[in-house]
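Peer 1:
Protein chains: 2
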Amino acid sequence: MVELKLIPVEEFKRVRNSSADKYKKLQLIADMCRANTLVEVKRAGSGHLGSSFSAMDIVVWMYYEEMNTLKVGFDSPDRDIYFSSKGHDVPGLYATLHSLGEIPDEKLLALRRLNGLNGHPDIGNRGIEANSGSLGMGISKGRGMAWAKKHFGRGGRVYVMTGDGELQEGQNYEALQVTAHHKIDNLTVIVDNNKVQSDKPVAEIIDLRNLEEKFKAFGWHVIRIDGHDFRQIERALVEAKQIKGKPQIIIADTIKGRGISFMEHPAALEIGKGLYPWHSGAPDDAAFEEGFKELIQRINSDLGAVSLDPLHLTPVEPEPKAAAPSMLESEPLSQAALERLSVKPTDEYVSRAYGQALVELAAKRKDIVVLDADLASDCKVRDFENTYPNRFIENGIAEQDMVSMAAGLARQGLLPVVNSFASFLASRANEQIYNAASEKSKIIYALHYAGLIPAGPGKSHQSLRDISLFSALPNCVIIQPCNAEETRMALDFCVNQTDENSALRLIIGPSPRRITLPAGYEIRLGQGCQLTAGKDAVMFAYGPVMLHEALLASELLAERGFGLSIVNMPWLNRVDVKWFAEVIKPYSTIFILEDHHPAGGLMDNLLAVCAEHGLMNGKQMIKFSVEGYPACGTPQQALAYHELDGLSVSKRIMKYCG
Amino acid sequence: MVELKLIPVEEFKRVRNSSADKYKKLQLIADMCRANTLVEVKRAGSGHLGSSFSAMDIVVWMYYEEMNTLKVGFDSPDRDIYFSSKGHDVPGLYATLHSLGEIPDEKLLALRRLNGLNGHPDIGNRGIEANSGSLGMGISKGRGMAWAKKHFGRGGRVYVMTGDGELQEGQNYEALQVTAHHKIDNLTVIVDNNKVQSDKPVAEIIDLRNLEEKFKAFGWHVIRIDGHDFRQIERALVEAKQIKGKPQIIIADTIKGRGISFMEHPAALEIGKGLYPWHSGAPDDAAFEEGFKELIQRINSDLGAVSLDPLHLTPVEPEPKAAAPSMLESEPLSQAALERLSVKPTDEYVSRAYGQALVELAAKRKDIVVLDADLASDCKVRDFENTYPNRFIENGIAEQDMVSMAAGLARQGLLPVVNSFASFLASRANEQIYNAASEKSKIIYALHYAGLIPAGPGKSHQSLRDISLFSALPNCVIIQPCNAEETRMALDFCVNQTDENSALRLIIGPSPRRITLPAGYEIRLGQGCQLTAGKDAVMFAYGPVMLHEALLASELLAERGFGLSIVNMPWLNRVDVKWFAEVIKPYSTIFILEDHHPAGGLMDNLLAVCAEHGLMNGKQMIKFSVEGYPACGTPQQALAYHELDGLSVSKRIMKYCG
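Chain order of the listed sequences is A and B.
Quick note, the first sequence lines up with residues 702 to 1359 if you use the working numbering.
Quick note, the second sequence lines up with residues 702 to 1359 if you use the working numbering.
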């Protein structure tokens, strides 16, 4: 890892207190915040640079010039409120709050870490006014706050930042029309119109057309500005405040990646051959160094131009290594155990296997069409798009519309495969999924990014409710495969072996280990398979993440002479009773390791079967699941926080069986 | 019940084959369909007259003049497709299909009956192309069909009817932008712009403003017509077909209730003192007779004007009474049992108790604000609106926006009480509910129309998944009270006794009986109460509908000497383990009667506790729940279909315990 340096808060004070022109100072501060944002994201290992940079000038203006928030304090009912609906730009907001002394260095350097700064906005972090990260909710929320301010006669205004891609979500239009109807005038929306969504131009994904016309048709006062020109930002905010009886929207034309030449749209898009490379994820060392150097050089040159000394940077200590697990133990772990606990993830991605299998299956099944909600790269359907452009439908960030369109396709005899992150697809389009399922035509839902890990993006993205959200659909099978091989089998099942709807639950990260399935294993509805034999207890788990932790637990327990049998159970709402009864027969204690909230997961399904068939006599059934809201942090931090890492699991088992 | 007469299909043929002018003939046919719609809805006892009538001229034109559908048949891939997104107008569509001989008399007279015609469009009924009734999905679905037609090179176009109030749903705007971006030109949307939503003018609820401007801003070709002028309808459809590379939308200005003077907007609104009385529900005998007479007189006068004989009407046989339950038995039921099975519902409405309690609580709790999504009358919050107009927020049909607004209000320290039907609120706003809950501020969700009954409106409205949809929220209590008294206690609990979010599940119809709670009963988190004592088995149930059936079963079983103890368990995801263990202790068989799908209901919650605390040894636990999709029909039909009526329940219990 490259050496990191931070611009300390004193340097911001120095610039602020200098005699330079106000606009020049803010330009300097914005660039300094960009530099710190880059460090913050590099340290975190992921984060959204592109939109942090496009929104940065506006965010800096808001906190330095426009709002009373820091003067009256975040606890004042009369404060101005700012929050970002898209939420991707939160690293830039953190850097701004840091520059004002509201966030200490060590916190800024703990982006996406347990007890650090959330990957998406979360009110648990000081200065964050609303949880966001799931798109399109901001204007509605902002209206609620603005309404309440009027109701209570409180001071302060509400400012909501939205993305442009985000405006594909229908909730925005609900909010636009209701806000205008309610004549809410203490709310100003600012669109960070940076023209690029996940990794393609908005105009290419789903064009928003003439935004000014649209917003006017919805009854808003519309102002359009260059979002990198402080004088225009200033004038727009003055104008907005003068409007009575009408909400105001400022369309700020910005540049995604603004501030580092090779991250700026459209140059970056050319480098990425049509894909914008800096939406999320951290830069590699070379890109980091080049970008940081460019920023610091420009800042120093700008400082010189106003007769200020060059920047003084603070070196950043390397991140402390996680304490060795043995430290947590009363008795130290064996060398073998320590090695097991420190393995690196593999290069297997079940999502990649899914994407490949989809392309292969589509060669025979001409009825397959693939739908995407602006996550084609993450969902690994880009290959399908390139191979079968006429059977790929890009829907933009509009999950409800995507699912209902799929219903229409299915009614015409096509087999739609609908893709998005589990947290968005299962919940936001839930009623549309029910409606489609009620027509008895068949749709496959690929629920990407299911489960607790990765835990950096935070609770808006971690999907721990999706099994429960699909479970009460009368005709839908829910499956989660544990490795690439089983992913191909599971997709084949969904496509070729069932008439029901299906929800294919997939983790998005690399498999922590390559799980070996029994020789000759074939996927069979309701039947899992035993991965390890053990005489003392049995544990059911699913998916690469939790099966790895289960196997780890079983290995750690084996060292202590405790035999834990691990069963891979990919069927989350179907069970072959005969098979299940046979598997649990030798055991009095049955554990379920859920990659889900305690309610509505695999355990509930198995228990229902046990109750119906009287399989529980003399047995206890215990689940370990993700209780409360999922923690944000590294995978290891989040797993340990929820006591779902292999070591914790082994200890919890010993409590019951020791 | 007044005597009903139907216009038989031969009469439509006579008019159709007459030599009258085409437009005159269609006007006659539309009015004749209106008359039959009135009969159909009167017979059903409920249904949507207002929008059936406003859309009628367009629907008649589509099937008689525009579309190839009946010529090529409903199975032809090259057929034109028409469906209504709002779905309320389906009685009018049925009458039109009946007039063309596609639906026989006896089916038309079985609206909202088991094996009859669904209360909202369902593809199970011949001629229905899409399930709808939950608003805002139509344009998306229609695009899917239109896309598939192009993909396969099939003939025929797709026509989707939407309401105007329905355009408050955000999904429409997702669909508008994606359809334009995809350049789908074989899809025409027709807005039945009748200006009135549930019971108030659209402009009053949430104004849609200039629709033409809006649709143009979204890239559609817009045509505006008088939706009751056949020449304009004809011209608009010709124009739409000529447009290439662009979807088309026809804004048809119509009159809600068109065809019967006192049902027409705005006259009807004046009669209703600001509330439109004919949105849903059947007319009483007097209104029916007056309306029917007006229609028949006009039709006969119009027939005379084109030298045709007056109408010949077919008398309608009275609806056969349901077979006496004893007929289903091997041994006849006792007189007492027969009397029990034939009780009429009471005049108790838990929703009314809720509405009253809300007004009372709000006197002390100044932080209560009430949100509504255009169902204020049904949700019984009209009193609150009138008593506290400044704390009542009308949000229109925009559940997602409503919930996120509530989140903003809660962040400012208010206590929002959010109202809608359970099926819409729990599912469509699910991600917004999660997001709000993750901010740890408190919101109360009133889930109206929860459960199987009433079963007439069909599966879009019956809510059998809402418990599961709320269950995996880490900080939300789900409660369903069994009578007015407990409803007041439950609301008081939500408002004053918990810091968690809460979901208050309420049936919408009258209580089948007044349930007597034990003397001195007070609501206690996780504890239910025993309603009847019985030594042989225990049954847990919740809500007025299922507790009535449970009590009925217990009474029927008592006659046979079988003692079934009934426990009212209002807590659907919380249980006091000690109390529960005590209650089930004497019994080896425990029954759960769910007003929910098998997955994710009360049973799953109780089982989890049993498994954790080893309470299942030597016991069996059996649930009776709503399997598959909920049946449409009278309450008795739907309950019997799912074997959840008291008689079926008693028989099922005997199977296990007999």
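C-beta atoms are modelled at their ideal positions from N, C-alpha and C, and glycine is treated no differently.
What's the gap between the Cα of G960(B) and the Cα of V1118(A)?
Peer 2: One C-alpha to the other measures close to 45 Å.
Peer 1: Name the chain B residues that come within less than 8 Å of F919(A), Cβ to Cβ?
Peer 2: Within 8 Å Cβ-Cβ: R910 and K915.
Peer 1: Would you say P1175(A) faces chain B, with C-beta separation under 8 Å as the test?
Peer 2: For P1175(A), the answer is yes, since a Cβ of chain B falls inside 8 Å of its Cβ.
Peer 1: Alpha carbon to alpha carbon, how far is D1003(A) from L729(A)?
Peer 2: The alpha-carbon atoms of D1003(A) and L729(A) are separated by roughly 7 Å.
Peer 1: For the segment 850-937 of chain A, which segments carrying the beta strand (DSSP E) assignment without a break, of at least 3 residues, lie completely within its bounds, in sequence order?
Peer 2: Whole beta strand (DSSP E) segments, 3+ residues: 859-864, 888-894 and 922-927.
Peer 1: Tell me whether the beta-carbon of F1325(A) lies closer than 8 Å to the beta-carbon of L1303(A).
Peer 2: No, they are not a contact pair.
Peer 1: Pull the bridge partners of C1177(B) from the DSSP assignment, please.
Peer 2: BP columns for C1177(B) point to N1202(B).
Peer 1: Of all the CB atoms in chain B, is at least one closer than 8 Å to the CB of G864(A)?
Peer 2: So, not an interface residue.
Peer 1: In chain order, what residues of the same chain lie with their CB nearer than 8 Å to the CB of N873(A), ignoring the 5 residues before and after it?
Peer 2: Only G837, I840, T863 and E867 meet the Cβ criterion.
Peer 1: If you compare alpha carbons, which of M1240(B), Q1163(B), Q1228(B) and M1355(B) is closest to A1339(B)?
Peer 2: When only C-alpha atoms are compared, the closest one is Q1163(B).
Peer 1: Give me the subset of the segment 1131-1142 of chain A whose CB atoms are less than 7 Å from a CB atom of chain B, sorted by chain position.
Peer 2: Answer set for the segment 1131-1142 of chain A: N1131, E1132, Q1133, Y1135, N1136, S1139 and E1140.
Peer 1: Under 7 Å between beta-carbons, which chain A residues line up against I824(B)? List them in chain order, please.
Peer 2: Under the 7 Å cutoff, chain A gives E1140.
Peer 1: Cβ closer than 7 Å: which chain A residues qualify as neighbours of Y874(B)?
Peer 2: By Cβ distance, chain A contributes G871 and Y874.
Peer 1: Looking only at its own chain, which residues have a Cβ that is under 6 Å from the Cβ of A983(B), when we skip the five neighbours before and after it?
Peer 2: Closer than 6 Å at the Cβ level, and outside the excluded window around A983(B), lie V742, K743, G746 and S747.
Peer 1: Runs of 3 residues minimum, wholly inside the segment 1065-1139 of chain B: which ones carry the beta strand (DSSP E) assignment?
Peer 2: Qualifying beta strand (DSSP E) stretches, in chain order: 1069-1073, 1093-1095 and 1116-1122.
Peer 1: My understanding is that L643(A) touches W979(A), with C-beta atoms under 8 Å, so please give their C-beta distance in whole angstroms.
Peer 2: Residue numbering for chain A in the displayed model covers 702 to 1359; residue 643(A) lies beyond these limits and cannot be assessed.
Peer 1: Under 9 Å between beta-carbons, which chain A residues line up against H1298(B)? List them in chain order, please.
Peer 2: Within 9 Å Cβ-Cβ: S1172, A1173, L1174 and P1175.
Peer 1: Rounded C-beta distance between S899(A) and S786(A)? I'm assuming under 8 Å.
Peer 2: With 8 Å as the limit, S899(A) and S786(A) do not qualify as a contact, their Cβ atoms being about 16 Å apart.
Peer 1: Taking the beta strand (DSSP E) that Q1338(A) belongs to, which residues open and close that run?
Peer 2: Premise fails: Q1338(A) lies in the alpha helix (DSSP H), P1336 to Y1342, not in any beta strand (DSSP E).
Peer 1: Using the DSSP secondary-structure output, state which residues sit across from P1016(A) in a beta bridge.
Peer 2: For P1016(A), which the question treats as bridged, DSSP gives the partners K706(A).
Peer 1: Just checking: is the beta-carbon of H882(A) within a distance shorter than 8 Å of some beta-carbon in chain B?
Peer 2: Cβ-Cβ to chain B under 8 Å: yes for H882(A).
Peer 1: Which word fits H1314(B), buried or exposed, when buried means at least 16 other C-beta atoms lie within 10 angstroms of its C-beta?
Peer 2: Counting Cβ neighbours within 10 Å, H1314(B) comes out exposed, since fewer than 16 surround it.
Peer 1: Taking buried to mean at least 16 other C-beta atoms within 10 Å of its own C-beta, is E704(B) buried or exposed?
Peer 2: So E704(B) ends up on the exposed side.
Peer 1: Look at the alpha carbon of T1322(B) and the alpha carbon of G1152(B), and state the distance between them as a whole number of angstroms.
Peer 2: Note on residue identity: the sequence assigns Met, not Thr, to residue 1322(B). M1322(B) and G1152(B): Cα-Cα distance of roughly 22 Å.
Peer 1: Within the 8 Å Cβ cut-off, does N832(B) reach chain A?
Peer 2: Taking Cβ atoms only, chain A reaches closer than 8 Å to N832(B), which makes this a yes.
Peer 1: Nearest to G843(B) by alpha carbon, out of E870(B), N887(B) and R827(B)?
Peer 2: Residue N887(B) is the option with its Cα nearest to G843(B).
Peer 1: From the DSSP output, in three-state form, read off W979(B) for me.
Peer 2: In the structure shown, W979(B) sits in coil (DSSP, three-state: anything other than H, G, I, E or B).
Peer 1: Short of 7 Å in beta carbon distance, which residues of its chain neighbour V1276(A), apart from the five on each side in sequence? Order them along the chain.
Peer 2: Closer than 7 Å at Cβ, skipping near neighbours: G1227, N1306, L1307 and V1310.
Peer 1: In chain B, what lies closer than 7 Å to A1108(A) by C-beta?
Peer 2: Result: K842 and G845.
Peer 1: Considering only C-alpha positions, which residue in the set W1272(B), L1257(B) and T1188(B) is nearest to S1266(B)?
Peer 2: Cα-wise, what sits closest to S1266(B) is L1257(B).
Peer 1: Are S835(A) and F1093(A) closer than 8 Å when you measure CB to CB?
Peer 2: Their beta carbons are not under 8 Å apart, which means S835(A) does not touch F1093(A) by this criterion.
Peer 1: Rounding to the nearest angstrom, what Cα-Cα distance links N1096(B) and A1074(B) in this structure?
Peer 2: Distance between the alpha carbons of N1096(B) and A1074(B) is about 5 Å.
Peer 1: Would D716(B) and K706(B) qualify as a contact pair, given that the criterion is a beta-carbon distance under 8 Å?
Peer 2: Before going further, note that residue 716(B) is Val rather than Asp in the sequence given. Cβ atoms of V716(B) and K706(B): not closer than 8 Å.
Peer 1: Run through chain B and tell me which residues come within less than 7 Å of M964(A), C-beta to C-beta.
Peer 2: Those within 7 Å of M964(A) in chain B number zero; the least Cβ separation is about 27 Å.
Peer 1: Chain A partners of I907(B), CB-CB under 7 Å?
Peer 2: Going along chain A in sequence order, the residues near I907(B) (Cβ under 7 Å) are Q878, V879 and H882.
Peer 1: Whose CA, out of L1316(B), T797(B), D776(B) and R1261(B), lies closest to the CA of S1035(B)?
Peer 2: The shortest Cα separation from S1035(B) among L1316(B), T797(B), D776(B) and R1261(B) belongs to R1261(B).
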